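Asker: Pasting a structure here, questions to come.
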Amino acid sequence: MSLPHDFDASDAAVRSKVLLVDDDEVTLLLTAEALRERGFELVEAASGEQLLAMLDDWTPDIVVLDAMMPGLDGFATCQALRALAGFEYMPVLMLTGLDDEASINRAYQVGATDFLVKSTQWSLLAGRLRNLLRSSRTRLELERSKSKLARAQDLARMGSFDWRNAGGPAAAASGRSGASFGAASGASLVLAPEALRVFGLGPQEVVTLRRLVRMVPMPERRGMTRLLAEVQTQSTVLAIDVPVEMPDGRQRIVHIEAEPEFNEHGHPVGYTGIVQDVTDRRVAEDRIRHLANFDALTGLPNRRQLIWRTERALDHARRLGHQAAMLLIDLDRFKVINDTLGHAAGDELLIEVARRLRGCVRHSDQVMDAALETAGVRSHRSLEAVGRLGGDEFIALLPEVADEADAERVSQRILECMREPVWVCGQECFVTASVGISMYPVDGQSVADLMRNADVAMYSVKNTGRNNSAVYSPMLAGRGREKLELESALHKAIERNELVLHYQPKIDVRSARMVGAEALMRWQRGDTLVPPNDFIPLAEETGLIVPLSEWALREAARQAKIWSVNFGFADSIAVNLPNRMFERSDLVETIHQAVSAFGVPHRAIQLEITESGLMKDLQNVIPSLHRLTEIGVEISIDDFGTGYSSLAYLTTLPISELKIDRSFVRDLGITPQSSAVVTAIIALARSLGLRVIAEGVENLRQMEVLHRLGCTVMQGFLFSKAIPPDKLEEWLQLTVLPRKEPWLVQAGADRPDLVLTTGGRQT
Amino acid sequence: MLDAQALANLAQLDPTGASKLLSRVLTAYRGSLARLLPQLVAARAPVDLGTLKLVTHTLKSSSASIGAVDLSALCGAAELALREDRLDGLPLILDDLLIEAARVDAAVLQLLSTR
């Protein structure tokens, strides 16, 4: 530390002010002259009374006092001087002719700094004065430095302490006032006033070590006591943060840091260190930690925190050999709420859902590493929580469950708590959830495995109607993997030309003629032919149905051209389109391009839409139907009779054909109800001026009944199943023309005049 | 009567004589004698130990300062007797002290007049 003054050099430069007091004029004169000669600045006083009066408005650097004086003698003067404010540490040199021990002792008792026997050896006096002045300045600097330190410590809410082992010298922390007390062990602890303030105690307050320890609340107190003992036994550095309850009830966090001290023999004698109030820092740190680990919207643990907790929970489960469960909770149709009511409403909903979910488990917000270690074997229970993975996905972590049923009970509680309507933006919303459960250790050993499998289980719930829960099973995963593979393969199917259209002829039994065909999509995947039911739903789900449908339209147009060239085909090929295709504004353009590319008329393509698909989205589909009809593309309603058609709409819709659903056809001649339905459909079609066609005709009996009821156009296995286009041509050549089949005989029977042909074939 | 070495030491405090230190000191000393000796005489009867102690103590050191070695020694002897409560021999010492003081005063006066 560099001091502001170089004392030795400045002794001459800075003339110290000496106040000399002696009743003897001769001594006063001589001493003053001798000291002036040696560079001091002198002021003389003839008595103690005069000296005290002078100090009212002036301060010397040092006082030289004659001991024996009439009136106030030197001793009494010194005592009076010390009682004056600001003169407690003024250096006072007592001069006397008396060299007896009693006088020396008396001089020190009244507060003299030093004592010198009078003599005419002035150099001795001057030297003594310089020494006293030097130590006085050093002392002053020390005081200033100390008060600076105290102020700095005060600002930093910090204070020093000393802790001496039993038997060691009780050291003062700073030399200033402070609380000093012996502990029960005989050790001593001294806290500087600043340190006392850290604990909310006054500088004069009497405290005991026990009292300080008791300011630490219970769970932490035990840990701290143990750590203190440990540190002391091993003489290691102490660094610990402890919560402290102040006398006024405030909760603060105090950092204690101390280093061991050793005596000359290397034996530990105690500790010296500081205490600091680190509450603000800890609050800031906690805030940062909170931001990093908790979801800002719901306040729940976030993905990072969930993963951390799950890892801990799995560690415990592994060690203690019990099961744990992870529940993945995904809200059903949350997107609809977000899209229709806005994101603010969506957020509001998530907050409420988070609140409810929290109530379904023993949710603990805070988990401390230390707490985990000290709370014993059941500590992993504090890991239990609901967290938000992101979006509308939540996770409930159950660190210990007895079995699957335990986890399922929680999932039922979750589904149950969703049943109450949620008020968002002044509106009542109903929200359900799909919950997937994975169990440790059977469904996965790692966090990633458990999350993935909970996800698989959750998706299986979504696929089977939502609002339910399911426990993971490898079967689900198998299905999931299969589906994933299928999806990626389907993406490539179009470019690899693996998709094919098979055609089922439509037959007019009156004329025994083919009057059109329905195109049905097949997927030639390697050696296997994948039926539509196995990939169309997936295509619909993934959106692949759009490119698939576009391809089907082009392919049908191409086939119409080929057939028209090969055998004069002039009817239409029906292509099945999902209702979402009808919502596309470019559907008309797509069809136009498809037929133009192959030079066939628009009517070469007929579109089939299912009754349920049509009715589900009627308003969006109607404009397309009008435009399609305008350009000559006919619309057929598939599976008619199975949906709930609005008859009022039916009269105004631009459609050309109703297709009687195969379920009615199947029961024809077996149940009277089915023929009643078929009769009604035929009557309806006739009165609306629509054609009617029956599908799924498999035997002659069905054909006869339909015919009798007035439906003459049919398709079904009786005639032909859906077959590749070249096979269809073959079929026409080998079956229809030779009129070998019984249905041909029957069909033509009542109209022998009609020529049964393949249509307008030109040879 | 007056120690030459002591006087030389005094003169060294004011080597140029600019501040007339020696004159001032000797004048002050004569002032002290004029003030203290009557106090001493008065304190002998009735006996005033406090005044006797103070006067002998003060005269001891100031006399030593100007080189009045014998007078200083007599003051010291008186002071010691007073401190040790040996009052029997004290009147004799005080008589000698007063005689010596008169001689020193005359010598100082002589010294002052020659300067």
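Listed in order, the protein sequences are those of chains G and C.
Per this note's numbering, residue 1 is the first one in the first sequence, and the count goes up by one each step.
Per this note's numbering, residue 1001 is the first one in the second sequence, and the count goes up by one each step.
From the three backbone atoms N, C-alpha and C, an ideal C-beta is built for every residue, glycine too.
All values reported here derive from a predicted model rather than from experimental measurement.
Please list the partners that G:E37 has in chain C, where partner means a Cβ-to-Cβ separation under 8 Å.
Answerer: L1013
Asker: In chain G, what lies closer than 8 Å to C:S1032 by C-beta?
Answerer: The answer, in chain order, is D24, E25, V26.
Asker: Identify every run of the alpha helix (DSSP H) within the stretch 392-444 of chain G, keeping only runs that are complete inside it and at least 4 residues long; order them along the chain.
Answerer: Within the stretch 392-444 of chain G, the complete alpha helix (DSSP H) runs of at least 4 residues are 404-418.
Asker: Consider the Cβ of C:T1058: report whether some Cβ of chain G lies at a distance smaller than 8 Å.
Answerer: Yes, contact with chain G.
Asker: Under 8 Å by Cβ, that's how I've got G:L668 and G:Q702 pegged, so tell me the actual separation to the nearest angstrom.
Answerer: 5 Å
Asker: Quick check on G:A45: does DSSP put it in helix, strand or coil?
Answerer: strand
Asker: Please report how far the alpha carbon of G:A345 lies from the alpha carbon of G:C360, in whole angstroms.
Answerer: 23 Å
Asker: Does G:Q559 pass the burial test, meaning 16 or more other C-beta atoms within 10 Å, or should it be called exposed?
Answerer: buried
Asker: According to DSSP, is G:A324 part of a helix, a strand, or is it coil?
Answerer: strand
Asker: For G:L133, which residues in the same chain have their Cβ closer than 7 Å to its Cβ, ignoring the five residues on either side in sequence?
Answerer: S16, D61, I62, P91
Asker: Cα separation between C:R1103 and G:R137?
Answerer: Going by the C-alpha atoms only, they are around 48 Å apart.
Asker: Excluding sequence positions up to five away, which residues of its chain have a Cβ less than 7 Å from the Cβ of G:A195?
Answerer: Once the five neighbours on either side are set aside, the close Cβ partners of G:A195 are G159, S160, F161, V275.
Asker: Considering G:Q733, what are the terminal residues of the alpha helix (DSSP H) in which it resides?
Answerer: For G:Q733, there is no enclosing alpha helix (DSSP H), since its DSSP letter is neither H nor E.
Asker: By a C-beta neighbour count over all protein chains shown, 10 Å radius and 16 as the cutoff for buried, is G:P219 buried or exposed?
Answerer: Exposed, since its Cβ has fewer than 16 Cβ neighbours within 10 Å.
Asker: Under the DSSP definition of a beta bridge, which residues are partnered with G:I256?
Answerer: G:I240, G:V275
Asker: Compute every distance between the C-beta of G:L450 and the non-hydrogen atoms of the ligand FAD, then say whether any falls below 7 Å.
Answerer: Summarising the ligand content, the structure contains no ligands, and the ligand FAD is consequently not present.
Asker: Can you pull the chain G neighbours of C:R1180, defined as C-beta to C-beta under 7 Å?
Answerer: Lying outside 1001 to 1115, the shown extent of chain C, residue 1180 of chain C is not represented and no answer is given.
Asker: Quick check on G:A34 - is its C-beta less than 8 Å from some C-beta in chain C?
Answerer: yes
Asker: So G:E68 contacts chain C; which residues on that side make the cut at Cβ distance below 7 Å?
Answerer: Position check: residue 68 of chain G holds Met in this sequence, whereas Glu was assumed. Residues of chain C passing the Cβ test: L1054, H1057.
Asker: If we count the other Cβ atoms within 10 Å of its Cβ and call it buried at 16 or more, is G:R362 buried or exposed?
Answerer: G:R362 is exposed by the Cβ-count criterion.
Asker: From which residue to which residue does the alpha helix (DSSP H) around C:L1158 run?
Answerer: Residue 1158 of chain C falls outside the range modelled here, since chain C spans only 1001 to 1115, and no answer is possible.
Asker: Bridge partners for G:L388 per DSSP, in chain order?
Answerer: It should be noted that the sequence gives Arg, not Leu, for residue 388 of chain G. Partner(s): G:F394.
Asker: Hey, does G:G127 have any beta-carbon neighbour from chain C nearer than 8 Å?
Answerer: no
Asker: Let me know the secondary structure DSSP gives G:Q204 once reduced to three states.
Answerer: Of the three classes helix, strand and coil, the one that applies to G:Q204 here is coil, per DSSP.
Asker: Just to confirm the assignment, what range does the alpha helix (DSSP H) spanning G:H707 have?
Answerer: 700-709
Asker: Measure from the alpha carbon of G:R130 to the alpha carbon of each residue in G:T120, G:L142, G:T113, G:E485, then state which is nearest.
Answerer: G:R130 has its Cα closest to that of G:T113, out of G:T120, G:L142, G:T113, G:E485.
Asker: Name the residues in the stretch 75-104 of chain G whose C-beta lies less than 7 Å from a C-beta of chain C; which are they?
Answerer: G97
Asker: Anything in the stretch 1056-1089 of chain C with a Cβ closer than 9 Å to a Cβ of chain G? List those residues in chain order, please.
Answerer: H1057, T1058, L1059, K1060, S1061, S1062, S1063, A1064, S1065, I1066, G1076, E1079, R1083
Asker: Tell me which residues of the stretch 113-146 of chain G have at least one Cβ-Cβ distance to chain C shorter than 9 Å, keeping chain order.
Answerer: Under the 9 Å Cβ criterion, the stretch 113-146 of chain G contributes K118, S119, T120, W122.
Asker: Considering only C-alpha positions, which residue in the set G:R496, G:V633, G:A407, G:F567 is nearest to G:L587?
Answerer: G:V633
Asker: In whole angstroms, what separates the C-alpha of G:R318 from that of G:V386?
Answerer: 21 Å
Asker: Which residue from G:A489, G:L628, G:A407 puts its Cα closest to that of G:P654?
Answerer: Checking every option, the nearest Cα to that of G:P654 belongs to G:L628.
Asker: Over the uninterrupted alpha helix (DSSP H) stretch that includes G:W772, give me the two end residues.
Answerer: Not covered by the structure: residue 772 of chain G. The range shown for chain G is 1 to 763.
Asker: Do you know how far the Cα of G:F430 is from the Cα of G:T590?
Answerer: 40 Å
Asker: Just to check my reading of the structure: C:A1028 and G:V26 have Cβ atoms closer than 8 Å, yes? What is that Cβ distance to the nearest angstrom?
Answerer: 5 Å
Asker: For the alpha helix (DSSP H) holding C:A1018, just list the boundary residues, first then last.
Answerer: For C:A1018, there is no enclosing alpha helix (DSSP H), as DSSP marks it with neither H nor E.
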